[in-house]
Structures are given as C-alpha cells and as structure tokens.
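In what follows, a single structure is set out as structure tokens and then discussed.
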Amino acid sequence: MQEELFIYNTLSRSKEKFTPIHKGMVGLYVCGPTVYSDVHLGNCRTFISFDLIYRYLLHLGFKVRYVRNITDAGHLEGDRDEGDDKFAKKAKLEQLEPMEIVQKYTVGFHDVMREFNALPPSIEPTATGHICEQIEMIKSIIEKGYAYEINGTVYFDVEKYNKEFPYGQLTNRKLEELLEGTRELSGQDEKRGRLDFALWIKAKPETLMKWLSPWGWGFPGWHIECSAMSSKYLGDTFDIHGGGMDLQATHHTNEIAQSQACNHKAPVNYWMHTNMLTVNGVRMSKSAGNGFLPGELFTGSHPLLEKGYQPMAVRFFMMQTHYRSTLDFSNEALQASEKGYARLMNSIKTLENLKTSSSSTSNIKELQKKCYEAMNDDFNAPILVANLFEGARIINSVNDGKETISADDLGLLKKLMHGFIFDVLGLKDENSLASNDKVLEGVMDIILDLRKEAKAKKDFAMSDKLRDELAKNRIMIKDTKEGVNWSIEQ
RNA sequence: GGUCCUGUGGCCGAGCGGUUAGGCUGAGCUCUGCAAAAGCUCCUACAGCGGUUCAAAUCCGCUCGGGACCUCCA
C-alpha cells in the first residue's frame with residue numbers, strides 16, 4: 001500500500017512527489033507555540049493539521065523524527081528589535097518570573113494537545129535550552145559575511161544575502177518589491193538595511209531574560225531559534241518544515257536565509273503551510289480579540305458559542321476541511337460535524353457485531369484504495385472522511401441485512417475503519433467510557449428488563465416512561481432487531 | 001499601494017477540463033405499539049459577463065464580492 005505520496009510544496013507552489021532524503025525516514029520540523037499566553041483554537045488547528053500529517057506518515061511506515069519547538073524566549077512584541085520580549089512583558093503583568101510564564105503556558109499547551117488527542121512530537125526543544133547553538137550559528141553567519149554587529153546587537157544583512165541567494169522565494173517576491181512595502185528607517189534605527197532583522201539583541205539593564213554572548217549580554221532573535229534547533233536535530237537539510245501560513249512571509253523566509261547563509265545549502269526540501277481558522281470570515285488571532293480558548297470551546301463558555309463541544313467533535317470538524325483551506329468557524333458547522341462524528345462512531349460499534357456471508361456486495365478493496373489515494377494526494381482528509389462515510393453506509397446496510405460481507409472483507413473493513421479513523425485521523429470514541437462502568441451496566445440491564453416486561457404486557461405508558469426518563473438523564477435507548485442498545489449522549 | 005488566495009446547492013465543505021464528493025438540514029418511504037436509530041429515494045449547485053475548447057464549476061480575460069500577507073501572531 002506504499003503508493004506515492006504527493007505533498008504541496010510552498011517553494012514550487014505545486015504538488016510534488018515526496019522523496020525523503022533517507023529512504024524510509026522523514027525529518028519533520030514544525031514551528032511550535034510562543035508560550036506567553038493560552039493557545040487559542042486557531043493555533044490548535046495548525047498543530048492538529050500537522051498531527052494528521054505526522055500520523056499518516058507513521059501509518060505509511062515511515063520512521064519520523066518530528067521536532068516541534070517551544071518558543072520561550074526572544075519573541076519580541078513588535079519589529080523594533082529592542083525592548084523586552086513577550087515573556088518578560090507578560091511576567092511583569094502577572095508579577096511572575098518569565099520562566100513561570102513559560103512553564104504555565106507550556107503545561108497548558110500540552111494539556112490542550114492531549115485533549116485533542118495529538119501525539120507528542122519526538123523532540124520538543126526549547127529556545128532557552130539552545131542558546132549555545134544559536135550563538136554558534138550567529139557566529140558562523142557573521143564569519144561568512146552575512147551579518148554585522150552594531151552596539152551589541154547582530155543584524156542579518158538581507159541585501160548582501162540577496163546578491164547571492166534569492167531572498168523572497170517562499171512568497172515569490174523580489175527584494176525590490178519588499179523594500180517598497182517597508183517603511184523608512186527611523187532615525188534611531190541602527191541597522192543598515194530596512195529589511196535587516198536581528199539575530200541577537202542587546203539586553204537593556206531592565207531585561208529579565210538574557211545570556212552572555214560574544215556581543216555582550218542579550219537574547220536571540222526569534223528566527224534564529226528555529227534555524228538552530230531544526231539543524232541540530234534534523235541536519236542542515238531536512239525533509240519537511242511546516243507552520244502556519246502567517247509565518248511564511250517573514251519567519252520562514254528568514255529561516256531559509258539564515259541557514260543558507262550559514263551552510264550554503266537549502267535547509268528544507270518541502271515547505272508546508274497550513275491555513276488559518278477564521279471566525280465570521282476574519283482570522284482568529286490574539287490581536288483581533290476574536291479568539292476563544294479550547295477550554296471555552298469544550299464548556300461553551302464564550303459569547304460566540306451556543307454550547308460546549310467535545311474535543312473529538314472539534315477535531316473531526318477540522319478533518320473535514322483541507323489543511324490548506326481557511327476554515328470558518330460557526331456553531332452550525334460544528335453541530336453538523338458533531339452529528340456526523342456520532343454517526344461514524346456508531347458504525348464502528350456496529351462493525352464489531354457484523355455477520356459475515358460467503359460473498360460481499362461491496363468492494364472493500366476499492367474503498368481502501370480510495371482512502372489511500374485521498375491521503376496520498378497532499379493529505380486530503382475531507383475526501384478520506386467522505387470515503388469513511390461510505391464505509392459506514394456499508395456497515396449499516398450489512399447490519400440491516402440489505403448487503404452482505406465476506407469474512408475476509410470484514411477483516412479488511414475493520415482494519416481500514418480503525419486504521420484511518422483512530423490512527424490517521426486521530427479520533428477516539430469519547431462516549432464509550434460509560435460502557436466500562438460495570439455498575440451502570442448492571443443497573444441498565446435491570447431497567448431494560450423491566451421495560452421489556454412492560455412492553456410484553458403492552459404497558460406502553462410504562463415502557464415509554466422508562467425511555468423518556470432515561471433520556472432526561474442523557475441515556476438514549478435504541479430498539480433494534482437484535483435487542484436494545486443504549487448510550488450516553490454528550 | 002504591493003504580493004497572493006478566494007467566491008460551489010438551505011448551511012459547512014471536496015473537486016479544478018468530460019465521471020455520484022461527503023456531512024448536516026428538509027421531504028417521502030421501509031422497519032416499528034409509538035418514537036429513536038438505521039437504510040433507501042428526492043431537493044442536482046458552482047458570483048456575473050465574455051473568450052478558448054467537441055466539452056468548463058474546473059483554463060484565459062474583465063467586472064463585482066470576501067480574505068490573507070507586506071508590522072507580533074499557528
């Protein structure tokens with residue numbers, strides 16, 4: 001089943017056949033969160049998208065080294081290349097040590113990722129843990145002539161770099177165009193070129209997070225962190241680098257420049273960018289104030305939310321849109337996903353008790369092929385989901401006796417449904433918790449037995465009362481040919 | 001202002017030159033004591049105007065809407 005995998009590469013703006021540098025292995029780097037505040041749902045979408053990609057690569061049998069960093073230093077508020085970073089600012093606000101801020105939001109981030117059933121990366125390096133590597137890299141860039149120091153701050157010389165390498169390749173832009181769009185250097189600016197960005201920033205007396213470097217006390221620029229950490233764990237050139245689309249123009253463009261200047265080779269073969277989550281057509285972001293936190297989403301405690309939504313329903317909602325498309329959030333869409341997800345999960349339960357026949361009326365192999373084709377075409381999860389619903393239809397039809405399935409095909413169908421739904425899409429059945437509760441099961445057996453007796457005596461008032469009262473307690477009863485099923489509605 | 005993306009049925013969302021996307025909603029039918037669940041059927045759309053082509057939602061041009069990036073953001 002090792003069909004060819006195609007990945008949309010931002011560098012070429014087209015889908016390319018994926019060929020890893022080392023056969024059977026993939027080096028994957030994704031820009032992680034800056035942990036100075038809670039992650040909102042928009043942030044989560046990127047990490048969930050890459051979780052899908054990571055899971056599918058694993059599913060195909062690749063040995064994947066997935067590196068996702070934690071930015072815990074050096075990320076400045078603006079482009080001033082001066083002042084405190086986000087952590088110090090927040091620390092002052094909350095009257096905490098910067099590293100308390102980092103710890104608090106890192107833990108929060110991990111909690112959220114666990115709720116969304118995202119696999120942890122193989123390595124999760126922190127920027128503060130790799131200051132030496134960053135300093136070494138900056139030294140190397142200076143030695144090669146692409147950076148200069150002024151007053152304890154080191155800048156990357158974009159114009160010099162651009163003479164030898166293309167600077168704006170990721171966004172398909174020329175330096176001259178970029179310069180036009182940039183504002184004039186203000187009087188206090190010490191850097192030479194308008195596009196030059198800081199690799200190392202001199203600490204002010206009040207700066208809280210600072211390290212000693214060859215250029216004095218200071219802290220690293222944001223872009224150098226990812227370059228240093230990715231090359232440390234994945235090599236000077238690795239397979240896939242991902243992140244949100246908002247990082248493409250600046251952060252990733254600068255990463256390429258730094259690595260290229262340092263090693264004289266392209267750092268990444270495939271650049272992947274995930275699209276944004278929008279609310280009412282506008283991008284969800286901290287500054288726009290339209291972001292809500294995963295916690296608020298789960299409980300429904302936000303003015304934009306009509307109710308709370310289970311993490312898996314939200315994850316499924318995201319899986320129904322391609323990672324390169326914007327995803328617009330709405331209660332209506334989320335509720336639609338919630339129902340579709342429940343239907344898919346019910347079919348999985350039904351799958352366990354399916355009766356086999358000597359032959360099959362549906363082509364399961366063909367269905368399997370379609371699932372792989374969808375995912376091999378740049379991780380097209382929406383099409384995969386459509387095919388899985390076809391699988392659900394087959395399951396229900398067989399269960400109804402309207403279709404048949406052979407033992408071999410049933411095995412294949414189980415493998416397919418479980419593999420794609422749980423391993424690849426990373427979903428899990430949240431409602432099955434109750435079925436493990438032996439006490440509840442015993443009580444339910446008694447109630448259902450009473451109802452059965454009432455029905456036998458045609459005491460429908462009683463049987464309906466039992467059903468309605470249980471429903472009030474979120475326990476739903478379904479009468480089927482084989483007997484009575486019950487489940488807890490969320 | 002510059003760079004780029006985008007406009008699909010009641011809603012969400014795939015497709016991107018010829019073939020059913022899929023989910024949700026709504027209607028009908030089957031099953032059923034009644035429901036629910038499930039299955040089947042129906043509601044067949046591609047912003048507008050031109051052009052290319054045997055053939056366009058899909059390619060090209062224009063017009064009108066949305067949005068992103070160019071300044072921190074996944």
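Everything in the first sequence is counted per this note's numbering, starting at 1 for the first residue and increasing by one.
We put the CB at the ideal spot given by N, CA and C, even for glycine.
These numbers come from a predicted model, not from an experiment.
Check: Between the CA atoms of Asn-43 and Leu-293 - distance to the nearest angstrom; Outcome: 10 angstroms
Check: Which of helix, strand or coil DSSP assigns to Asp-445; Outcome: helix
Check: Residue of Glu-176, Arg-393, Ile-240, Phe-116 minimising C-alpha distance to Lys-402; Outcome: Arg-393
Check: Sequence-distant residues of the same chain with beta carbon closer than 6 angstroms to Tyr-8, five excluded per side; Outcome: Lys-15, Asp-378
Check: Contact between the stretch 115 to 134 and the stretch 148 to 155 (3+ Cβ pairs under 8 angstroms); Outcome: no
Check: DSSP three-state assignment for Arg-80, whether helix, strand or coil; Outcome: Caution is warranted here: a pLDDT of 47 is assigned to Arg-80, below 50, making its placement in the model unreliable, and the coordinate value is therefore given only provisionally. Coil.
Check: Classification of Phe-317 by the beta-carbon crowding that lies within 10 angstroms, buried from 16 upward; Outcome: buried
Check: Distance between Leu-448 and Leu-440 (C-alpha atoms, nearest Å); Outcome: 12 angstroms
Check: Boundaries of the beta strand (DSSP E) in which Trp-215 is found, first to last residue; Outcome: Neither: Trp-215 is in no beta strand (DSSP E) and is coded neither H nor E.
Check: Integer-rounded CB distance, given that Thr-274 should sit under 8 angstroms from Ser-49; Outcome: 4 angstroms
Check: Buried/exposed call for Cys-226, threshold 16 Cβ in 10 Å; Outcome: buried
Check: Own chain, CB closer than 7 angstroms to Trp-200, minus 5 neighbours either side, in chain order; Outcome: Ile-138, Thr-153, Val-154, Ser-213, Trp-215, Gly-218, Pro-220, Gly-221
Check: CB of Tyr-270 within 7 angstroms of CB of Ile-240, strictly; Outcome: yes
Check: The stretch 323 to 332 / the stretch 343 to 353 touching (three or more Cβ pairs under 8 angstroms); Outcome: no
Check: CA nearest to the CA of Met-25, picked from Ile-421, Asp-429, Leu-60, Gly-168; Outcome: Leu-60
Check: Cβ-Cβ separation, Leu-297 to Val-314 (assumed contact under 8 angstroms), whole Å; Outcome: 6 angstroms
Check: Pick from Gln-310, Leu-413, Asp-38 that is closest to Asn-396, judged by C-alpha positions; Outcome: Leu-413
Check: Boundaries (first-last residue) of the beta strand (DSSP E) holding Phe-156; Outcome: 153 to 156
Check: Segment limits, alpha helix (DSSP H) that includes Met-113; Outcome: 98 to 115
Check: Cβ-based burial, Val-398 [other Cβ within 10 Å; buried from 16]; Outcome: buried
Check: Check whether Leu-178 and Gly-168 have beta carbons under 7 angstroms apart; Outcome: yes
Check: Euclidean distance between Cα positions of Ser-122 and Arg-65; Outcome: 6 angstroms
Check: Assigned secondary structure, Val-314 (DSSP; H/G/I helix, E/B strand, else coil); Outcome: helix
Check: Thr-46 vs Gly-244 beta-carbon contact at 7 angstroms; Outcome: yes
Check: Environment of Gln-95 [buried if 16+ CB atoms lie within 10 Å]; Outcome: exposed
Check: Beta-carbon proximity check, Asp-38 vs Gly-426, cutoff 7 angstroms; Outcome: no
Check: Spatially closest choice to Asn-387 from Ile-142, Asn-363, Ala-336, by CA coordinates; Outcome: Asn-363
Check: Beta-carbon proximity list for Lys-455, same chain, < 8 angstroms, skipping 5 on both sides; Outcome: Ser-463
Check: Cβ neighbour criterion (16 or more within 10 Å) applied to His-252; Outcome: buried
Check: Sequence-distant residues of the same chain with beta carbon closer than 7 angstroms to Met-113, five excluded per side; Outcome: Phe-47
Check: Residue closest to Ile-446, alpha-carbon to alpha-carbon, out of Val-484, Ala-461, Asp-423; Outcome: Val-484
Check: CB-CB length for Asp-111 against Phe-87, believed under 8 angstroms; Outcome: Wrong, their Cβ atoms sit about 19 angstroms apart, outside the cutoff.
Check: Per-residue burial, Arg-467 [other beta carbons within 10 Å of its own, 16 or more giving buried]; Outcome: buried
Check: Residues of its chain near Thr-356, where Cβ-Cβ distance is below 7 angstroms and the 5 sequence neighbours each way are ignored; Outcome: Ile-405, Ser-406, Ala-407, Leu-410
Check: Phe-422 to Gln-258 span [Cα, whole Å]; Outcome: 39 angstroms
Check: Start-to-end residues for the alpha helix (DSSP H) that takes in His-273; Outcome: Segment 268 to 274 is the beta strand (DSSP E) holding His-273; no alpha helix (DSSP H) there.
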